[in-house]
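**Student:** Here it is, the structure in full.
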């Protein structure tokens, strides 16, 4: 097991390096001048000076410089915000995104799993209502839910602040908005998983042996049904933790999602690579964690994963 | 299994709780306003965005200030008016004796020289460096001497590290002023070796050392000459209170420029943040570079606060993408009279949320309401239902550039090299319909480049009328009867804001009135800028905002070879008129020449297609007094009173 | 045991629970919507961009048409007279204010009809791209196992981490020219193709993971082992034993991809790198609607109709996914990771 984990961590680092290199190649090959920050055109000599200053006059050199920075966990300067370094920006944005992402994932699991399980077990109106709700979660775009929630609770009912980030009361609306699609997906996965699990022979056997229904449901069927949810939780959590552009924009949350998008739109190589590295590291870490838990729960996967 | 899930949930809950502890409410400032997206920089020399400048003009005090009601220069750090020599080329500014930095030290003329010198350094990359280099004697020479040296030192330092250079970079070594040093030192270091390109094998290894040596010599020679060279620039701090500026050509509007925050003074402590190499305050590449964090508010151990500013406010806190907080500078001369003691610029990524926050009373003031339903806001303001929404005409124009220079664009013949075709397209645009029906937010239809009535003393020429019949006639004259023979017209626009809507409306008008086939090409900002810079367009959307109160702030854009002349318009006649105006002594004659210049370029030659002059709605909560709407959206907070 | 639990189990129904008639209802709704949009195509393609800026800018829904019809009929000048004069054309031109007008005075009815087709084309294209690449990739990884599996899945991991927006911009830059040339100089169609390729090129990653997981599970099933023991070749096993049970999860995941693709397109349009104006798409229209609505302006129709269409479409697509799953995998013999 330890060897397996070591191997996976090693592979993760390799993957990270590839992500890093490909992102770098992409940023330098996309047209658009990262050094120009306003609509005024840069004078050629000023641009040459800026290129020298940020070391972007030679791609190989620039890559080495960024990479050696990465080794020291220093992501270097950003072009768009000269007063800040990438590290400082991440230090400000990441805690916000982690807080929002964690609470959103928590909400999503708390809503999605019971809803999915419930709708699989109980049919009729209750199940249909639960399913419809879950479907609505996948079918209404975040920018619509966000705007509607903001209008309802912020403007008309005045029970939530509209004015951005600062108090704990600013947390619920973006959390719900961010959580809804995740919750819907989790509910769907749980329901399908639960339906499948209930049709398995071992459930029939368990019931035939007279084990109480509640125990069969939660002790036998649910762990099997939860497996797909678990696989999904890995990348989903990584995604939630690195922020969502739409939610951050609608609710003025100073998180990482906006940097992800804006850095790409601004061709801000340093910041973009910083964001991508953090995101990729999280994805890899969470996927590893999920696979480990998976292997621990499901013996069938274990043999395959270890090879 | 269930237990594992519960443990997981508890862990998540704990995480949320701990993270929640980081969120703490802030004390409410006297004035809280909306800063669209975050400021890009608080280094005044590097600014070019209005939201940055708005903070800078409260943090720094320039020679003069801009009266927010009249936009005329008034006394600030220096007494207005300056003493001007008979030929108009030498201006003497007398600094006020009560000017104080936020650490209590007096503001001196040398601080201004320091600030302006930073502005023209190539490493600063200031958009507004031309305020000094275009007008102050010797400044352009100094800046280009520095740029050249930076080019040479960059190439040499790359060579010294063993990197290859391309031909373009190699050519820097040959053409530069430093070529002599390069040749001499190179010969000394390498003996009689041929050109740099001919090096190979072991010689490269030796050469790497030699390049390093060469770089050192050039660097030291350059560093030693720095101050002597700068002494030739027409900026002189005669004593602590007297600053003399010599111009290379008359600059009657310089008092206006002197109120622009990029010309702020710099406290001596800023120099401590300069990067140094081999004892000189330059980088290896010869750049003057400051630790970018010098603008970030810090309380040092001895109780002094950074950055040191001389304006009515000082910087207390800057949370990235969240807020910037200012408090009164206790050493400022008016400190005791300023009613608004603290100001917070809050960041709202979404303009709609910003307006909702204003409605909820969470912010007091929005400098410019930019929502997609701004026509509804404008209507409320017009009807008098909401006196707190104040429509304000800006000195800014939304226009389109015709590609006047390239005979072929993307493999298609470009008809717009012909002035008749440009004029035909300009005549066939119903600007009234776009402003009145499409935008509906009080923008004025633009028949000229310069918004009429925004620049004192300037009389706008007769603009381009709406005359589709005339347009068709001109088009026929140019060889395209009923638009036959015209290639598909390619219109490039930026996909942000109202540009897509306006571009679509314009395209349809040309299809209707001229029979042209138009293809719209919307691109996000960077790709748009790239295409525009490479002039890969027939027609491209653009804006221009006035920087100072003089027609040249607009007209210089159309001069041949101007860096912002995206249309590629080149007219000797127009350039001659601008040059004549540049040397004209009589202000009225000067304005007449400029008027003629605008009529030539915009009306006769139709180098650009003006569409509308911006009107912006500002929102000021009732009880907030002293925020005067003006065409630059500059708001000094020191005169503001807030009643809750 | 409660009735419902029994229902949910093999003991009685051998059928999974589902929304009452949801599959069929979804197919009906979807078919109705698509047919309506497709039937309107000749008119919506001609009229989606007719601007009535002097008479109908942001005009509320109304039975009475706005202004004059000349502009509308002029757009059909290349069509036969019989078509122009036909009763349908006249009626539709008269019905153009039914859903209101947008900020250029364009009829929302025709924009919505065309926008739905555009969205469907993009989503279908993206899903097809994702399904083809994802299934092939995932099956290859799962079947080959070992080193090949490792390498293939590492590539997926790398692609997962890449900044999506940059990828879209890059694809746009790289593909616009060749695709435009390929499509005979029509930039707009090239735009659509690039969009669905870009969206599909990200969506296939999850598909590949799902398929691989499924194949891995199936490989250990008795019947596959038995087939292998009896000397069946890998292709035989793939075709006879793996692909049929894979169809269920692939179809379910594909139907989940369709709404995702529609939403992705909306997001990209929102950033200015999606469908180019004046071409409408459901996401674009809904995003415009959201930004148009506020306590100050009552342009409810700009939000309500596109959103209702979007949600109905996505709901129908999801319902369709459910229905298809039961159709393709009636026995539900195999546990699936995704259902």
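Residue numbers (the working numbering), protein chains in the order written: chain A, 159 to 465; chain B, 31 to 674; chain C, -11 to 327. Using N, Cα and C, we set each Cβ at its ideal position, and we do this for glycine too.
(1) Determine contact between the segment 613 to 622 of chain B and the segment 448 to 460 of chain B, defined as no fewer than three beta-carbon pairs at a distance below 8 Å.
(2) For residue 297 of chain A, go through chain C and note every residue whose CB falls closer than 7 Å to its CB, in chain order.
(3) Closest by CA to residue 67 of chain B, which one among B:319, B:88, B:274, B:397?
(4) Near residue 230 of chain B, which residues of its chain fall below 7 Å by C-beta distance, leaving aside the five closest residues on each side in sequence?
(5) Nearest-angstrom Cα distance between residue 507 of chain B and residue 607 of chain B?
(6) Thinking just about the alpha-carbon of each residue, which of A:241, A:274, A:323, A:339 is nearest to the one in residue 397 of chain A?
(7) Measure the Cβ-Cβ separation of residue 63 of chain B and residue 548 of chain B and say whether it is below 9 Å.
(8) For a quick check, are the C-beta atoms of residue 676 of chain B and residue 569 of chain B less than 9 Å apart?
(9) Kindly say whether residue 67 of chain B, judged by its beta-carbon, lies nearer than 9 Å to any beta-carbon of chain C.
(10) When burial is assigned at 16 or more other CB atoms within 10 Å of the CB, is residue 308 of chain B buried or exposed?
(11) In the DSSP assignment, the beta strand (DSSP E) including residue 540 of chain B goes from what residue to what residue?
(12) Am I right that residue 525 of chain B and residue 552 of chain B are in contact with their C-beta atoms under 8 Å? What's the rounded C-beta distance?
(13) What are the start and end residues of the beta strand (DSSP E) that includes residue 649 of chain B?
(14) I need the straight-line Cα distance from residue 239 of chain C to residue 188 of chain C, nearest angstrom please.
(15) Decide if the segment 139 to 151 of chain B is in contact with the segment 179 to 194 of chain A; the criterion is three or more beta carbon pairs, one per stretch, under 8 Å apart.
(16) In its own chain, which residues sit with a C-beta less than 8 Å from the C-beta of residue 352 of chain A, not counting the 5 before and 5 after it?
(17) Thinking C-alpha only, which one of B:189, B:76, B:632 is nearest residue 325 of chain B?
(18) May I have the straight-line CA-CA distance separating residue 197 of chain C from residue 114 of chain C, to the nearest angstrom?
(19) Closer than 9 Å by beta-carbon distance: list the chain C residues that pair up with residue 305 of chain A, in chain order.
(20) Would you grab the beta carbon distance between residue 550 of chain B and residue 166 of chain C for me? Rounded to a whole angstrom, and I think it's under 8 Å.
(21) With 8 Å as the limit, tell me which residues of the segment 414 to 430 of chain A have their beta carbon closer than that to any beta carbon of chain B; keep them in chain order.
(22) Taking 8 Å as the cut-off, is the C-beta of residue 34 of chain C nearer than that to any heavy atom in the ligand ZN?
(23) Taking its Cβ as the centre, do 16 or more other Cβ atoms sit within 10 Å of residue 329 of chain B, making it buried, or is it exposed?
(24) Which parts of the segment 255 to 296 of chain C are runs of the beta strand (DSSP E), unbroken and 3 residues or longer, counting only runs that do not cross its ends?
(25) If we count Cβ pairs, one from each stretch, closer than 8 Å, do we get three or more for the segment 153 to 166 of chain B versus the segment 302 to 321 of chain B?
(26) Would the segment 117 to 127 of chain C and the segment 190 to 209 of chain C be scored as touching if the rule is three or more Cβ pairs under 8 Å?
(27) What residue from B:609, B:543, B:87 has the CA that sits closest to residue 294 of chain B's CA?
(28) Using only alpha-carbon positions, find the residue among B:441, B:57, B:527, B:167 that is nearest to residue 276 of chain C.
(29) Anyone know if the C-beta pair for residue 79 of chain B and residue 339 of chain B falls short of 9 Å?
(30) Quick one, which of A:358, A:402, A:210 has its alpha-carbon nearest residue 184 of chain B's?
(31) What does residue 115 of chain B reach in chain A if we use C-beta pairs closer than 8 Å?
(32) Return the Cβ separation of residue 293 of chain C and residue 102 of chain C in integer angstroms, given the expectation that the two are a contact with Cβ distance under 8 Å.
(33) Could you give the distance in angstroms between the alpha-carbon of residue 105 of chain B and the alpha-carbon of residue 234 of chain A?
(34) Would you mind working out which of B:419, B:341, B:380 sits nearest residue 363 of chain B, comparing C-alpha positions?
(35) Residues of chain B with a CB under 8 Å from the CB of residue 39 of chain C: which are they?
(36) Where are the beta strand (DSSP E) runs, 3 residues long or more, that stay fully inside the segment 185 to 220 of chain A, in chain order?
**Tutor:** Checking against the coordinates, here is how it stands:
(1) Between the segment 613 to 622 of chain B and the segment 448 to 460 of chain B there are fewer than three inter-stretch CB-CB distances shorter than 8 Å, so the stretches are not counted as touching.
(2) The answer, in chain order, is 247, 299, 302, 303, 306.
(3) Residue 67 of chain B has its Cα closest to that of B:397, out of B:319, B:88, B:274, B:397.
(4) With a pLDDT of 48 at residue 230 of chain B, under the threshold of 50, the modelled position of that residue is not reliable, and the figure given next carries that caveat. Hits under 7 Å: none found.
(5) A direct Cα-Cα distance of roughly 28 Å separates residue 507 of chain B from residue 607 of chain B.
(6) Nearest C-alpha to residue 397 of chain A among A:241, A:274, A:323, A:339: A:339.
(7) For residue 63 of chain B and residue 548 of chain B, no; Cβs fall outside 9 Å.
(8) Past the edges of chain B, shown from 31 to 674, lies residue 676 of chain B, and the structure says nothing about it.
(9) Chain C contact via Cβ: absent.
(10) By the neighbour-count rule (16 or more Cβ atoms within 10 Å), residue 308 of chain B is not buried but exposed.
(11) Here residue 540 of chain B belongs to no beta strand (DSSP E); instead the alpha helix (DSSP H) covers 529 to 544.
(12) Residue 525 of chain B to residue 552 of chain B, Cβ: 4 Å. Contact.
(13) In the DSSP assignment, residue 649 of chain B falls within the unbroken beta strand (DSSP E) covering 638 to 650.
(14) Within the model, the alpha-carbon separation for residue 239 of chain C versus residue 188 of chain C is close to 15 Å.
(15) Not touching, per the Cβ criterion.
(16) The beta carbon of residue 352 of chain A sits closer than 8 Å to the beta carbons of 274, 275, 278, 279, 379, 380, 383 from its chain, once the five residues preceding and following it are set aside; these are given in chain order.
(17) Here the closest residue by C-alpha is B:76.
(18) CA-to-CA, the gap between residue 197 of chain C and residue 114 of chain C works out to about 17 Å.
(19) The answer, in chain order, is 278, 279, 281, 291.
(20) Not a contact, Cβ separation roughly 21 Å.
(21) Within the segment 414 to 430 of chain A, 416, 423, 424, 425 place their CB atoms closer than 8 Å to a CB of chain B, listed in sequence order.
(22) Annotation note on the ligand ZN: not contained in the displayed structure, which lists no ligands.
(23) Under this definition residue 329 of chain B is an exposed residue.
(24) Entirely contained in the segment 255 to 296 of chain C, not one beta strand (DSSP E) run reaches 3 residues.
(25) Of all C-beta pairs linking the segment 153 to 166 of chain B to the segment 302 to 321 of chain B, three or more are shorter than 8 Å, placing the two stretches in contact.
(26) The answer is yes - the segment 190 to 209 of chain C touches the segment 117 to 127 of chain C, with three or more Cβ pairs under 8 Å.
(27) Looking at the Cα atoms, B:87 is the closest of the given residues.
(28) Ranking the options by Cα distance to residue 276 of chain C, first place goes to B:527.
(29) Not in contact: residue 79 of chain B and residue 339 of chain B (Cβ atoms no closer than 9 Å).
(30) The shortest CA-to-CA distance from residue 184 of chain B to any of A:358, A:402, A:210 is the one to A:210.
(31) Residues of chain A whose Cβ lies closer than 8 Å to the Cβ of residue 115 of chain B do not exist; the shortest such Cβ separation is about 30 Å.
(32) Between the beta-carbon of residue 293 of chain C and that of residue 102 of chain C there is about 13 Å, and that puts the pair past the 8 Å contact cut.
(33) Those two C-alpha atoms are separated by around 42 Å.
(34) Among B:419, B:341, B:380, the Cα nearest to that of residue 363 of chain B belongs to B:341.
(35) Ordered by position in chain B, the residues that pass the 8 Å Cβ test against residue 39 of chain C are 534, 535, 538.
(36) List check, beta strand (DSSP E) in window: nothing returned.
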